[in-house]
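Numbering (our numbering), first residue to last: 98 to 327.
Here's the structure, in structure tokens; my notes come after.
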Ligand code: IYR
């Protein structure tokens, strides 16, 4: 058995990497259980104000930051807001944009598509949820000398990281909502972000308010979302 701990490829160190091997039976069981767990996730708009340990939020973000990214640049910053004054500033600014969107910017067909979801311009969850995570994408970065450096596939990278973030939140037994007040420029301003960062997604995170109700909508089945070429 080759038990080399590392090798060099094109002059770059590569370390040995192993994945625990599991039987096909276990693989089938695990993948099914994971699907069933993921299928229980729902976007919610009503949160409890019950405190959540900060360590949970830290772990969730560490999990999201394991996401693959273009050239491993990890072009993201997760801003965690629990400060009540900041949350309220964000709510006021988000509702201002949302009012404009719902009243003037969104098309009739878009508003019709949202009807079953019961959304509107009021966003009380922005003050109620104990945490708001605002994900910023880094359009570019700076090196140690302050020179601009490139990031690659930034939208793809940040989308992947957000998917992992949502999975980690669900795994921790918490709830979230992918909130997209648009335009989102106000978030960089309120949070005083550097010039290379653009707000991508806002996620309130907390426990579900009890009792909770979610729209009676269903997910597409496998045949509707997959094509197999055998
Ligand atoms: N950004 C608005 C509108 C909205 C848009 C979509 I697409 C949704 O799936 C849900 C809402 C809002 O957050 O209310």
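The beta-carbon is built from N, C-alpha and C at its ideal position, and this holds for glycine as well.
Fair warning: this is a prediction, and the values are worked out from it, not measured in the lab.
1) Pull up the DSSP beta-bridge partners for residue 295, would you.
2) By Cβ distance below 6 Å, which residues in the same chain neighbour residue 256 in space, the five residues on each side in sequence not counted?
3) What separation, rounded to the nearest whole angstrom, lies between the Cα atoms of residue 251 and residue 305?
4) On the DSSP letters alone, give me the boundaries of the alpha helix (DSSP H) that residue 153 sits inside.
5) Take every Cβ of the segment 304 to 318, pair it with every Cβ of the segment 209 to 224, and state whether three or more of those distances are shorter than 8 Å.
6) Restricting to Cα atoms, I'd like to know which of 128, 145, 136 is closest to residue 318.
7) Helix, strand or coil: which one does DSSP assign to residue 228?
8) Does the beta carbon of residue 209 sit closer than 7 Å to a beta carbon anywhere in chain D?
9) Determine the direct distance from the alpha carbon of residue 144 to that of residue 190, and round the result to whole angstroms.
10) Apply the 10 Å Cβ neighbour rule to residue 248 and answer buried if 16 or more other Cβ atoms are within range, or exposed otherwise.
With the structure as the only source:
1) Counted from its first residue, the chain shown places residue 295 at position 198. Residue 295 is bridged by DSSP to 234.
2) As a working mapping, residue 256 is identified with position 159 in the chain shown. Answer for residue 256: no residue qualifies.
3) As a working note, residue 251 is residue 154 in the chain shown. As a working note, residue 305 is residue 208 in the chain shown. Looking at the two C-alpha atoms, the distance is approximately 31 Å.
4) Position 56 of the chain shown holds residue 153. For residue 153, the enclosing alpha helix (DSSP H) has its first and last residue at 151 to 161.
5) Cβ pair count under 8 Å is three or more, so yes.
6) In the chain shown, counting from the first residue as 1, residue 318 sits at position 221. Of all alpha-carbon atoms in 128, 145, 136, the one lying nearest the alpha-carbon of residue 318 is that of 136.
7) As a first step, residue 228 must be located in the chain shown, where it is residue number 131. When DSSP states are grouped into helix, strand and coil, residue 228 belongs to the strand group.
8) The structure shown contains no chain D; it is built from a single protein chain.
9) The sequence position of residue 190 within the chain shown is 93, counting from 1. The sequence position of residue 144 within the chain shown is 47, counting from 1. Here the alpha carbons of residue 144 and residue 190 stand approximately 20 Å from one another.
10) Position 151 of the chain shown, counted from the first residue, corresponds to residue 248. In this structure residue 248 is buried. Its beta-carbon is surrounded by 16 or more other beta-carbon atoms within 10 angstroms.
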